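Going by full-length UniProt numbering, the residue at position 252 of the sequence shown is 252; the numbering climbs one at a time, nothing skipped. Cβ coordinates follow ideal geometry from the N, Cα and C atoms, glycine included. Computed from a predicted model, the values in this text were never measured in an experiment.
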Amino acid sequence: AVRRLAITHDSEQERESQLQFLDNLKNIIFEPYSLVEVLNFSLNEISQTLDSCSGAIFIFNASRKELYLTSSVKLDQALESTLERITLGNDIFSRTQKTSRPHAIGRLSQSDKATQSLFGGGQVDSALAAPLMSRNGCVGVIATFSDLPYQFTRRESEMVSSAANLLGPVVASFRMEREIRKLNERLAANAEERSSQFSIISSLNGEMSPSDNLGILLEYGESVLQSEGLVLAESTGDSKWKITRATDDSPFDGD
């Protein structure tokens with residue numbers, strides 16, 4: 001009976017610890033931080049909760065099929081440099097990204113060769129990786145590391161996975177904001193270009209000579225192409241060209 005009470009007490013403490021951990025993460029996420037700040041603060045919270053383990057967060061670049069190291073804690077410079085950009089392969093991070101499922105290694109020497117190659121410096125002997133999930137799939141990977149074997153139990157796995165579930169939509173929302181901003185900038189640039197085109201067209205009229213109208217069009221073309229002068233030339237039929245019209249900046253103004 002005493003043993004059962006002790007187990008129950010430990011379970012309640014563990015549950016309270018997990019709830020406090022999630023509350024702390026939610027508080028970080030809802031603060032008006034940048035994406036990098038959210039990831040850094042969240043990773044520090046995870047590290048402190050899991051007995052000061054080291055960790056990293058990667059964001060997936062779908063077009064290049066690569067994972068980019070976005071945030072890290074307690075990694076030495078050599079390992080951080082190795083993990084800076086990972087092309088999808090068979091290592092623990094790539095498998096997590098491709099399968100959208102958590103993966104773990106209990107002892108580095110018993111893991112796959114690709115993962116051993118990444119952690120060849122000896123700083124990591126066990127690792128846990130979980131996917132950052134959004135509505136459109138896995139947007140990255142969060143991972144924790146230890147220099148001792150078999151350090152990540154079910155408790156650590158649940159906590160890291162819970163953190164990943166909170167951070168995945170955050171990464172996706174920042175990406176969405178960036179895409180919307182790029183789209184708005186592109187639309188604004190297109191609108192400005194169309195306005196310029198309409199202005200050029202409206203300045204053309206029948207009261208001006210054809211040569212003057214051509215001059216207006218050439219000046220517009222020069223500004224669009226950012227060139228140092230434009231000319232309009234016509235073939236004379238004897239392998240020669242006659243310049244019909246040139247902009248003021250053009251070095252050619254004659255036959």
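Less than 8 Å between the CB atoms is what I'm expecting for residue i and residue j, so what's the real figure, rounded?
i           : j           : result
residue 171 : residue 124 : About 24 Å separates the two Cβ atoms, so there is no contact after all.
residue 92  : residue 71  : Rounded, the Cβ-Cβ distance is 18 Å, inconsistent with contact.
residue 160 : residue 127 : Not confirmed; about 11 Å, so no contact.
residue 134 : residue 169 : 6 Å
residue 53  : residue 145 : 6 Å
Give me the Cα-Cα distance between residue i and residue j, rounded to the nearest whole angstrom.
i           : j           : result
residue 111 : residue 105 : 6 Å
residue 121 : residue 147 : 11 Å
residue 167 : residue 64  : 22 Å
residue 136 : residue 143 : 21 Å
residue 24  : residue 42  : 8 Å
residue 150 : residue 31  : 35 Å
residue 40  : residue 154 : 24 Å
residue 115 : residue 95  : 10 Å
residue 48  : residue 62  : 31 Å
residue 99  : residue 164 : 15 Å
residue 2   : residue 16  : Bear in mind that the predicted position of residue 2 carries a pLDDT of just 42, short of 50, making it too unreliable to give a figure here.
residue 75  : residue 44  : 12 Å
residue 33  : residue 157 : 26 Å
residue 19  : residue 26  : 11 Å
residue 113 : residue 80  : 19 Å
residue 132 : residue 36  : 15 Å
residue 78  : residue 141 : 20 Å
Would residue i and residue j qualify as a contact pair, given that the criterion is a beta-carbon distance under 8 Å?
i           : j           : result
residue 118 : residue 83  : yes
residue 86  : residue 67  : yes
residue 55  : residue 73  : yes
residue 38  : residue 46  : no
residue 50  : residue 162 : no
residue 152 : residue 97  : no
Just list the residues that DSSP pairs residue i with in beta bridges.
i           : result
residue 69  : 58
residue 153 : In the DSSP output, where bridge partners are listed per residue, residue 153 has none listed.
residue 141 : 58 and 131
residue 146 : 126
Does chain B have any CB closer than 8 Å to the CB of residue i?
i          : result
residue 82 : Among the protein chains of the structure shown there is no chain B, as only one such chain exists.
Under 7 Å: does the beta carbon of residue i sit that close to some heavy atom of the ligand MG?
i           : result
residue 126 : With respect to the ligand MG, the structure shown offers nothing to examine, as it has no ligands at all.
For this session: Scan the region 6–63 and note each continuous beta strand (DSSP E) run of 3 residues or more that stays entirely inside, going in chain order.
Result: Fully enclosed beta strand (DSSP E) runs of 3 or longer: 54–61.
Problem set entry | Complete alpha helix (DSSP H) runs within the region 71–139 (minimum length 4 residues, chain order) | Scanning the region 71–139 for uninterrupted alpha helix (DSSP H) segments of 4 residues or longer gives 77–82, 92–99 and 113–118, listed from N- to C-terminal end.
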